[in-house]
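Scroll down for the structure; my scribbles are underneath it.
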Amino acid sequence: MVAERSDREHGYTRRSVEVDRPEARLSDLFWNILLLIGGFGALWFGAEWLVRGAARIATDMGISPVVIGLTLVSLGTSAPELVVGIVAALDDRTGLLIGNVMGSNLANIGLILGATAVIRPLAVADRVISRDVPIMVLVTIFVFPLVLDNAVVVGDGLILLGVLVVYVAFTFRTADEDLSQLGQGADADSGEGEDAAHGLLLNLGLVAAGAVGLALGGQAIVKGASFLASELGASEELIGLTVVAVGTSLPELVTAVVAAARQQADIAVGNIVGSNIFNLTAVLGVSALVSELPVDSSILTRQLPAVLAISLLVWPITASASRVRRSEGVLLLVAYFGFMIWIGFAS
1 MVAERSDREH GYTRRSVEVD RPEARLSDLF WNILLLIGGF GALWFGAEWL VRGAARIATD
61 MGISPVVIGL TLVSLGTSAP ELVVGIVAAL DDRTGLLIGN VMGSNLANIG LILGATAVIR
121 PLAVADRVIS RDVPIMVLVT IFVFPLVLDN AVVVGDGLIL LGVLVVYVAF TFRTADEDLS
181 QLGQGADADS GEGEDAAHGL LLNLGLVAAG AVGLALGGQA IVKGASFLAS ELGASEELIG
241 LTVVAVGTSL PELVTAVVAA ARQQADIAVG NIVGSNIFNL TAVLGVSALV SELPVDSSIL
301 TRQLPAVLAI SLLVWPITAS ASRVRRSEGV LLLVAYFGFM IWIGFAS
């Protein structure tokens with residue numbers, strides 16, 4: 001925009017060009033694309049460190065990799081959703097927050113598990129099939145009565161966090177039972193002494209660094225992608241369900257791909273199931289403690305039912321031959337995009 005203004009001191013009129021110009025928008029676009037690239041880099045290294053550290057901890061402590069994937073890795077890869085949830089709650093952007101949780105859970109199963117299985121068929125541990133997938137379904141069902149009053153309040157948040165504590169305790173308790181049945185004690189390496197303790201600290205540091213990298217990378221990608229989406233004039237709810245959800249689910253995607261490539265499918269599948277449980281309990285629970293979360297009717301009629309449906313779909317898939325085949329990965333991808341189109345029409 002060009003505007004005229006007079007310069008009294010020099011006695012002439014001059015033209016000045018304000019900031020709103022194509023060059024400025026191109027500059028913003030460039031920096032946001034660069035932010036996206038940097039975010040992908042942070043995600044990749046973060047996932048590599050997280051999986052490597054978690055696998056070493058599982059080996060050193062005698063804990064099965066699937067348990068580490070269901071708890072420690074899931075919490076780390078859910079960090080972006082948690083950060084986005086807290087920030088959105090503080091900014092009173094609840095549509096973005098809840099859409100992010102629902103969209104992330106859909107993406108974790110349909111997009112991430114589906115795409116990873118297409119790349120490399122995934123073996124599924126027995127405990128994931130018999131315990132953790134059913135728990136994921138039950139937690140999803142449990143959310144329904146909490147949002148029937150069209151809000152997630154502080155009391156609901158405390159209940160969800162209580163469910164999370166019970167789940168984590170149950171996971172480690174049943175892990176001990178599984179190990180005792182296999183004759184694998186957690187104290188198998190008790191003679192290691194200081195070297196074992198030192199190695200554990202190093203691996204915990206590796207996991208922590210990986211989680212930080214994932215969180216920063218997820219935030220960078222969300223920021224860059226949100227800028228690009230806003231340029232298209234997309235609504236906040238749609239951004240939360242799609243761009244932000246996929247962006248914050250990228251840690252799960254990268255972690256699953258890296259774990260599968262490193263022949264650690266237990267961590268890959270366990271991470272996806274555990275992350276969905278963490279999203280519904282930790283992200284919604286903590287966010288509700290920060291601010292009351294109004295729930296739009298579309299959450300009850302479309303988004304939450306879609307999350308439940310795809311969670312129910314993955315149950316028989318994982319139970320068949322204890323693996324997710326390529327054809328089943330394609331089915332999950334089709335289901336994901338089908339649900340997104342169905343929800344999108346309602347929006």
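The sequence shown: position 278 = 278 (the working numbering), numbered continuously.
All C-beta atoms, glycine included, are put in the ideal place defined by N, C-alpha and C.
Between Ile299 and Asp60, the alpha-carbon positions lie close to 43 Å from each other. In this model, Ile98 and Leu34 are separated by some 28 Å (Cα to Cα). Here the C-alpha atom of Val153 lies approximately 12 Å from the C-alpha atom of Val143. DSSP places Arg93 outside both helix and strand once states are collapsed to three, so it counts as coil. Counting along the chain, Glu252 sits inside the alpha helix (DSSP H) bounded by residues 245-261.
Leaving aside the five residues that flank Arg326 on each side, the residues in its chain whose CB is nearer than 8 Å to its CB run, in chain order, Ala117, Val118, Pro121. Exclusion of the five residues before and after Thr71 leaves Val168, Thr171, Phe172, Gly274 as the residues of its chain whose Cβ lies within less than 8 Å of its Cβ. Between Thr94 and Leu293 a beta carbon distance of about 5 Å is seen, short of the 8 Å cut, so the two are scored as contacting.
Leu228 and Val133 have their C-alpha atoms spaced approximately 35 Å apart. Straight-line measurement puts the Cα of Arg52 at about 17 Å from the Cα of Gly41. When DSSP reads this structure, Ala123 sits in a beta bridge with Arg323. Closest in alpha carbon position to Leu36, among Val244, Asn100, Val101, Gly76, is Val244. When the five nearest sequence neighbours on each side are left out, the beta carbons in the same chain lying within less than 6 Å of the beta carbon of Leu308 are those of Thr140, in order along the chain. DSSP places Val283 within a helical segment (H, G or I) once states are collapsed to three. Annotation for Ile141: the continuous alpha helix (DSSP H) segment containing it runs 133-147. Here Leu82 has Ala282, Val283, Val286 as same chain residues with Cβ atoms under 7 Å from its own Cβ, once five neighbours each way along the sequence are excluded. In the DSSP annotation of this structure, Leu72 is not part of any alpha helix (DSSP H), being labelled neither H nor E.
Ranking Leu200, Leu206, Ser74, Glu48 by CA distance to the CA of Gly62 puts Leu200 first. DSSP places Val295 in the coil class of the three-state scheme, outside both helix and strand. Between Leu111 and Tyr336, the gap from beta carbon to beta carbon is short of 8 Å. A distance of 8 Å or more separates the beta carbons of Ala89 and Ser311. The C-alpha of Ser322 is placed about 7 Å away from the C-alpha of Ala125.
Assigned with DSSP and collapsed to three states, Val152 falls in strand.
Nearest in C-alpha terms to Gly213, of all of Asp28, Leu164, Thr255, is Thr255.
Cβ-Cβ distances below 8 Å link Glu48 to Gly210, Val258 in the same chain, with the five nearest sequence neighbours on each side left out; the list follows chain order. Pairing Ala54 with Ile68 gives a Cβ-Cβ distance under 8 Å. For Ser230, the three-state secondary structure derived from DSSP is helix. Cα atoms of Gly155 and Ser104: separation of roughly 24 Å, rounded to the nearest angstrom. In the three-state DSSP reduction, Ser130 falls in the helix class (H, G or I).
Secondary structure at Gly62: coil, using DSSP grouped into helix, strand and coil.
Excluding sequence positions up to five before and after Leu280, its CB lies within less than 6 Å of the CB of Val139, Val143, all in the same chain and listed in chain order. The residue among Ala197, Ala261, Ile221, Leu304 with its C-alpha nearest the C-alpha of Ile57 is Ala197. One Cα belongs to Gly329, the other to Thr174, and the distance between them is close to 29 Å.
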